[in-house]
Structures are given as C-alpha cells and as structure tokens.
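Residue numbers (full-length UniProt numbering), protein chains in the order written: chain A, 1 to 785; chain B, 1 to 413.
Below: one structure, written as structure tokens.
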C-alpha cells in the first residue's frame, strides 16, 4: 500500500471489522470470501452494493441482521411465537452462529494484523522525509530573494545607456532612409539608363509615400519633383515600349505590370494589351490561313496533324499565355468579360480555320492521323478551359470534333457505297468476260458471289476499325458523352452500317426498276447473284455485321435504332424483287424468241412439218443453261411428284376427242355456255395461274416462273394468228418437243401440260383446216429432232 | 349495302371485240363481235336491264369474217364499224396481187402461192332498223334466223395494208373516222349517209423495219384534232390538221403497248397499258416519265378505259383473266374529292363532311374481278350508266359489273 493512502486503508479496515461482526448468520467459507470481496468493492465504490447503504435497510426490529435490531423485541417475539423446542433449536443455532462469527473475526484480525503493522511503519517514515524537504525549501527561498535584489540593482545602473542606444539606432535608420531618398533620383536615373525598370519602379514605390508626406519641406519637395520627372520619363519609355508591341508576350506583360504600378489607368492598358495580343494572335492565324490556301499544290501539302500542331503551338499556346497574363495583371481591376469576348472572337476564327482544314481532309485512307490531330486539338483546348472556366471555347472545340467525326462517318459511308458499286462493276465485267472462255464460266458464279460478299465484309470491317479510332481509350474526347453514346449508336450503327445495308438493298432494287423495262442493261446473271447476296444478307450477314458493330462499339442505345429484323425484311424484299426480276428478264428473253417466231411466220401457207423448229431447240437450250445458272446459286427446291414417263405424255385429248367435242358443240350454235364446256370444266378444276408472280428462293420455282412466262406468251401470240392445216401441225410438233424437255424443270408438270394444251387447243381453234397430226408421227419427228 | 352480283353472258364463239353503243344514252347496250373461222360471225347486241338484272340479246350476222375490232358511231345508234379478217382461198392461183406481195416480204414467200391468205379489212355497217322489234315478237326466230348487217361502205385502201382498228370521231356527228392500217393512219370522210368513204388525209409512220400500229385513240380534247397511236413500245401523238407527229413517248412500256385511253376531263392525260403488265398514266407535255404506274396485273394488260364521267375510275383488262377497277384519285380531275360548295358547307350540315374532305384520298385498287376464266381482251364502260361496265374474255364470256356502291356514294356525295 502506498503511504498516501494510509487513511483510506484504515477506514477500509474498520469497515472490514464491522462487517465481520454483523455477518453472523453466514457460515460458509466461500460466503465469507465473497463478502470480503464485496467489502473491497464497496471500498472502491464499484458495484451494486455501493448503493445499498443509501437505501433504507430493513426497518424490521426483528431482523437479526438489520441495523434496527432490537434484542428485546426479537426475544419477545420468539417467546410469543415459538414452542419450547423451537426456542431450544433457535438458541443452539444462534450459539453456533455466534461461535462461527467469533472464529471468523479472529481469522480476519490475524490475517490483517501484519499489514496494519507495516502501514504504521510507512507512515512514520514519511513523516521524517517531509521534515527534511521543508528545510531545503526554506533555503531556496532565501537565495531567490538575494538574486532579485541583485538584478534590480544592475538594471538600475544600465538604464541610461539603454535609452541612448535606442535613440541612436532610431537616428541611424532615419538617416539611412534619408540617404535613400536623397540618392533616389540618381538611382532612378541609373536604372533608367540600364533599363532596369522594375527596380526603378519598386524603389520609387517605396519612397513615394514618404515624399508625399514630407512634401511641404522644400528639400523633400525637390527630391519628389526630380523623382516625378524621372518616373514620368520612365513611364513614357515604358509606354513607348508597350506601344511598339514588338517585344514578346512576356515583356509586354511585364511592361503592363509596371505601368499598372505607376497608376496608369487600367482600362486603357487592358484595351491596349488586348489589342497587342490580338495583333500577335492574328498573325498566327494568318500563318495558318496561308497554310490552308497553299494547300492545292500537293507537294507543299502539310498533313492535318502538322497543321493542328502548328495551330496548337502557335495560336493556342499564345492564347493561353495571354489569358494567364491578363488574369494576373487585370484580375483585380477588370471583369473577365473583355477577356471572354476577346478569346471567343479569336477562337471562332481559329475554329473556322480548323474546320476548313478538316473539311479538306477527304481521303478516307488513314483515319489515325485525323483522329490524332483532333485529339491534340481537343486536348490543347482543355488548357484554355482550365484557364478560363466559363468560356464556351472548349465546347465549341468539342462540337468541331463531333462534326468532324460525323463528317468522317459520312465519308466512310460514301466510300463504302462507291466500293460496293465498283465491286458490282467488277462483277459485271467478270460476268461479261467468261463468255469468251466457256470452260470456267459455270464455276465463276458462286466464286464471284463469295468473293463479292467477302470483299464487302472486309471493307466494312476495315471501315469499322478506322471509325473505332474515334472511341479509343487514349483519345481525350472519346470520354465525352457524345462519343460514348450517340456517336456509336446514331453515328456508326445507324448512319454508317445500317445506311450501307439499306443502300445495298436499295441499289439492288434499282436494278429492277431502272433497267427493268429494257431488260438488257443489267445482265440477268448479275440479278441472280445480287438476289443471292441479299438473301445471304437476310439469313446471316446483317445480324453478323450488326453484332460486330455493337460489340466493337459497346453501343448503348439511348435512342431507338433500326432493329435487325427490319433490315432483314428489307434485304429479303430486295432479294425477292431481284429474283422476280430475274425471272421476268429471262422469261422475256425466251418470250421474245417465241413471239418473233410466231409473228413472223405465215402459218396459213406453210409446209407439212418435218422438223421441230430451230427456235424451240433454242428455247430448250436456253432454259437448260438458265437452269444450270440458277442451280449454281440456289437450292433445288421441291417439286410435285410426277409420273415416271412424263416426256411421253400425248396430246391425244386435244388432238382427237376434246377438239372433236369442241367442234361438235360448235355445230349447234344456239345454246350459249356449252361450246367451251370441256375447256371450262377443265379450267374450273385447275388453279388460276399467275404468270408474273412472285417466286420462291429455289431453282424449281425460278424455272417454273420463267417457263410460265414463256409459254403464256406463246399462247397469246398463237391466239393472234390464223393457222393453216400444217401450221397447226407444226405447233403440235413444237409443243410436243417442249413437253418432252420442259417438264423436268418445273415444280408441277401439270402446269406445263396445261399451258401447252392451251396452246395447241388455241391454235386448233384458230385453224382454217384443223386436221391434227397423228401422235405417233409427232413423236417420231420430235425424237428425230 | 350489298353490291349486285355480276351478270354473266356466254357467247358461243370466241370473242375479242367489245364496245358500248356510244350513241345510246338511255339503254345500257353493248356490242360484241365474235371470232370464228368456220362459221358466220355475229354481232351480239347485249341489252342490260338494270332493274331486273336481266340480259337481252340480239344477234346480227357479220358474214364478212371474224371480228377483231368494233366501234360504234357516236351519232347514229345503228351505225358501227368493224375490223375483220377475211380468209380467202387462192387455190392454184399463182398470180399475186401487189398488196399481198408487199405483205409477205419474208422468206416464206415462196410457199404461200399455192394456198390461201388472210387479210384484214375494215367496213362501216348499219344494223337493220327492226332488229329489236323482231326480237321481242319472236325470240326464237331471232336465234335461228338472225338478220344480217347492212354494209354501208368499205374502209379499204389496198395500198395501205391491214386494218388494225377504226376510231370514230369522239362526240362528232358520225362523219369522220380514222382507220389504222399497218403503218398508216387514214382519216376518212363518210358521205351520203355513210355509204361513201373517201380518204381525206393520211399519216404514215416512217422508220426502220416493219412498223405497225397496234392501237390508237382519238382525243376528245382540242376540238378533236389529236390522235394517239401505239406501235411496238412507243406512243405517238398526231395532229390531225397537219397529219404530223406532235409527241412521241419512246419506250413507253417495256414491251408492246396494247391500248390507250384519254382522260375525258384532263386534256393532257393519257393512260396506256402493255405487255410489261403495267398501266401507265402520262402527261403528254412531259413524256420523259409516266405520272403514275400501276402494276397490279400478273400478265399483259390488253385494255385500259377511263370512266367517261368520273375519271378517277380506271378499268383494266388483262390476260391473267382479271379485270381490275382502280381509283386513281391523285391524278384525276378531282384530286381532292368532290368539292363541296361553300353554301353547302355553311348549312353546317357537317362535321361529317369535313371529316370526309380531310381524309387523304389515296390511289387504290377498288376491286379485282375474277369472273373470267380466260384472257380478258376488252373492257368497256357503259355509255348510259357511268357506274356500269362490261368485260369480255376470249372464251366468249361477257360479264357486266357495277362500281361498288360504297365507292359510288363516296364519289357522289
């Protein structure tokens, strides 16, 4: 225990003793220990038992442990309430408790006795130590009193001298100042000679107030006048220098600073400063302009990166310098408004130059140069933005970049389109030339198709790669929201990729429309090829290209974009139109042959047929070659089941029974409606044939279309002619020949049968002397032919 | 409001020639000419009883040959012209008329001397005056003993080749006709009650190859002084006063031009149709591009006809066996619909009418008629009822149809 806490220790002890007394009824060892701890805690004021003393303890006088215990009452109560045996028990119990309490007390006293002894020793020792310390303190205080006395005496003796010294040093300072003042004119002159204007101005500034203050003294007045004269001269010189303007921007700003310090009017200086700056910047701009106008000669042509570099280094950096010096010089005097108009004005001119230069950048070869130039342009303008926070210049710059990017995208679209048209021209030439060397002709069509689509795809990819530069990470403006969003979705996806696909479809459609009437201007093979191309686009290419674009540009569509399905539908429509047109053109070529052959012949006076006419052989040949051509690009397609021996089918129905029936009916002219009964019944059960109808994307459907057109023409032409006996027979022979060969090309051979039947039927009807040829003879002729 | 069902009439012969009886403005009457190489050809006079939906027919014999074209006089109900083929046998007759020789310049020239030939002629005819009274009294007789047409005069000039069609002067007095024969257009004056015809002037189409007029139309505008003709793919306009060409639409159609018609109300507007399945509308002042093109048919279009009073209604017939009625509002003389007079409007009748006038009027196909089984070569509007038209297919089926009532009321109201 520390000595200082001896007192509290004592109180602890006494409490402990009391507690031991009161604790009569609790006998258990652990209980006592706990109680001891409880008392310790009580001493430190720690826990719930600390509150206990404040609360009124049980006031029951019969509580043997309570503070208000009254032995009399207790005894009376016991005596009144308990039997003798109980009293006896109570007594033994109480005796036992008293005894255990006694022993507890003895143990406690014993345990704490030693501690008590040592505490008493400590206290005694402390008492001795304090005594010693008190003596030393007394000694110290006497010494201090002596020192104070000495010190007072010394300062008393030094007082006078100190005053004198202070006075002297004051005089010295004053003298130095006076000397400075007197020397000032000379110094200023010297400065003027050495052109150390800054020094002169600062010297003058220091002296100015003093001179002003003491100007009523003649000597000072003289100095002041001298100074004024010199300073006026200096100001004159400065002004002259400023006016000359030839010096660098730095000198200029220094000049302005000095002049400002000389209390020149800030407004005027500011205007002059800006006008000087303007003339210098304008000369920069003129340099740039000269470069642009010098461009037409390709030898001296600088590329856009150099141009922008020059612009940045000369114009933009000077502009920045002007801005900084302006802000340093005038910021306290003037509002920034003047500077803003100044900067905006010049920047607008600069921008117009830059835009002119960008517009001259037409070649789409290398995009990186342009992108780098734009990047630099944009980056340098950020400096202006930092210097002049409210300025519209950086935004305008960004707009220029955006415009340039959009322009670029447009140029790429044009380039893609012209590339596409060029490839088509190539294909056209390739289609025209192989006719000379027949050997490789059949193979060339699929090859041409694949090379065409591959080259277009490559071109698109390379264009996408070029455009992708605009959004590269290291380009400053790629972080602008425009380049992240709109440029990708509206610019690249919509106006480049989607527009190109639409262009492909549209130009394909134009082949059908413009060339359609004459038929000859677009080679049919090209139509077929394009149709297949568009169909391929519909099935795969479009979605591939768009996915590629979306992936490359991470397009997030804020505004609605053209969905893939629309494009696919458009491509399919174009493919359909092209194929229909192909069918039409090929059909017309064959139709023309048939028509000419029918129209130019005198069918009344013709000889008995011995051969199939050459034109029919030509028709079959052409049809076969068309079949081969279509087969190269389109699948076979489905055809209705046909009889195994279709080629042998006869026209017996027409040549004998049906025609007889028809003529027989004609002999009874009264009844309407029944003359063509058989024919009508036949038609009733056959479907209406649409001649120039849409075809499906397969070979059989295409061939069916072509043959339909040809045979219908044949029919209509036959109906316009009048036939002799042999004319009819010739038609029979021709139709049989066509029958033999054409059925295999079509989806439903009944169609060919029907149309050929109609032809023979119509020619029989248009015959002056209808005597049909024997079927067997027809067959012999055809097989021989 | 149900539309009336079409009325169908069957001829026993094949037929291509159809015309309305132009001079008849009370009865709905069509004339049909048949084509038969074996039998006497007929002209069927088809009367349509609008109220009872009944057809009455009368037959007149046309013994000269099969009829390719028929035209009714605008002045005299009984007078008509036909173009017909006549097949003549020249068996064992080796001498050739200069006309025949000029016809066949081809290499088959050697063969035909031994057999027969076919020539196309044109003639003006008069129907017997009592053709319809006879019919009413004894309907059976008329079928068995049809009366014969009375020949007024031939419009033949052997120097000018085969006649393709004969055109009456529209709204004229029935004194002037034009016949198109090979590459000549002949203007005839009919005199002495049409019994005498003299060529008053001719125009000839010059050019490479064998040029041949396929069809033509006499313009009702400009005091009937203009003619439009079609040959191959070109359409030409002629001034009849000088008989010289005034305009030419080269390549009007990709293929042969089959028919023409003038807009009855807009003097420079012309419709044409042809083998490219298209119907084109032209402004002859600017012949570079058609004003409008229709591509509704799936085969050659053989006939195009403007409605005589409501020129937005255009009828086209095609060898795809269809007849199409189109409503070409945008290029009609009433492009904004029926113009409502101011006082009519001021009666405040109608928001309802306002709505109607605001509706954008679009060109559209009104209806496609599929009653025919064979190629339809001719279609004509009735001269008496502007809402009624007839079409004729090769198998001899004549179908009479009406403009759908909904459209009719829309145009009228």
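The C-beta atom is built at its ideal place from N, Cα and C for all residues, glycine as well.
Predicted model, so just to flag it, every value in this text is computed and none were measured.
DSSP three-state assignment for residue i, whether helix, strand or coil
i, result
"residue 285 of chain B", "coil"
"residue 723 of chain A", "strand"
"residue 393 of chain B", "strand"
"residue 510 of chain A", "helix"
"residue 787 of chain A", "Because residue 787 of chain A is not part of the residues shown, which for chain A are 1 to 785, the question remains open."
"residue 767 of chain A", "strand"
"residue 64 of chain B", "coil"
"residue 207 of chain B", "coil"
"residue 743 of chain A", "helix"
"residue 698 of chain A", "coil"
"residue 241 of chain B", "coil"
"residue 257 of chain A", "helix"
"residue 380 of chain B", "strand"
"residue 291 of chain A", "helix"
Presumed contact (8 Å Cβ cut-off) between residue i and residue j, rounded CB distance
i, j, result
"residue 122 of chain B", "residue 179 of chain B", "5 Å"
"residue 455 of chain A", "residue 423 of chain A", "6 Å"
"residue 42 of chain B", "residue 34 of chain B", "5 Å"
"residue 249 of chain B", "residue 287 of chain B", "4 Å"
"residue 378 of chain B", "residue 367 of chain B", "At roughly 18 Å, the Cβ-Cβ gap does not stay under 8 Å, so residue 378 of chain B and residue 367 of chain B are not in contact."
"residue 634 of chain A", "residue 699 of chain A", "5 Å"
CB contact check: residue i to chain B, cutoff 9 Å
i, result
"residue 752 of chain A", "no"
"residue 765 of chain A", "yes"
"residue 671 of chain A", "Below a pLDDT of 50, predicted positions are generally treated as unreliable, and residue 671 of chain A, at 36, falls in that range; no measurement from the model is reported."
"residue 643 of chain A", "Note that residue 643 of chain A scores 47 on pLDDT, short of 50, meaning its location in the model is unreliable; the coordinates nonetheless yield the value given after this. No, residue 643 of chain A lies away from the interface with chain B (no Cβ there is under 9 Å from its Cβ)."
"residue 768 of chain A", "yes"
"residue 712 of chain A", "yes"
Residue i, enclosing beta strand (DSSP E) - first and last residue
i, result
"residue 587 of chain A", "Where residue 587 of chain A is concerned, there is no enclosing beta strand (DSSP E), although the alpha helix (DSSP H) it sits in stretches over 564-599."
"residue 248 of chain B", "244-249"
"residue 201 of chain B", "196-204"
"residue 267 of chain B", "Taken as a continuous stretch (DSSP letters only), residue 267 of chain B belongs to no beta strand (DSSP E), as it is neither H nor E."
"residue 53 of chain B", "No beta strand (DSSP E) holds residue 53 of chain B; DSSP gives it neither H nor E."
"residue 298 of chain B", "Counting along the chain, residue 298 of chain B falls outside any beta strand (DSSP E), and DSSP gives it neither H nor E."
Closer than 8 Å: residue i CB and nearest the ligand FMN heavy atom
i, result
"residue 346 of chain A", "Annotation note on the ligand FMN: not contained in the displayed structure, which lists no ligands."
Closer than 9 Å to chain A by CB, residue i
i, result
"residue 85 of chain B", "yes"
"residue 277 of chain B", "yes"
"residue 268 of chain B", "no"
"residue 320 of chain B", "yes"
"residue 14 of chain B", "yes"
"residue 117 of chain B", "yes"
"residue 300 of chain B", "yes"
"residue 394 of chain B", "yes"
Proximity to residue i [Cα-Cα], best of the options
i, options, result
"residue 47 of chain B", "B:61, B:32 and B:126", "B:32"
"residue 363 of chain B", "B:260, B:188, B:193 and B:295", "B:295"
"residue 693 of chain A", "B:405, B:297 and B:270", "B:297"
"residue 156 of chain B", "B:170, B:369 and B:186", "B:186"
"residue 491 of chain A", "A:479, A:545, A:391 and A:405", "A:405"
"residue 563 of chain A", "A:591, A:493, A:599 and A:273", "A:493"
"residue 201 of chain B", "B:219, B:160 and B:236", "B:160"
"residue 230 of chain A", "A:544, A:192, A:217 and A:260", "A:192"
"residue 168 of chain B", "B:23, B:276, B:390 and B:192", "B:23"
"residue 266 of chain B", "B:129, B:388 and B:308", "B:308"
"residue 574 of chain A", "A:533, A:748, A:273 and A:708", "A:533"
"residue 727 of chain A", "A:571, A:772, A:367 and A:475", "A:772"
Cutoff 9 Å: residue i Cβ touching any chain C Cβ
i, result
"residue 693 of chain A", "Protein chains in the displayed structure are A and B, and chain C is not among them."
Extent of the continuous alpha helix (DSSP H) run through residue i
i, result
"residue 411 of chain B", "405-412"
"residue 176 of chain B", "Note, residue 176 of chain B: premise wrong, no alpha helix (DSSP H); beta strand (DSSP E) at 176-181."
"residue 318 of chain B", "Run containing residue 318 of chain B: none in the alpha helix (DSSP H); it sits in the beta strand (DSSP E), 313-318."
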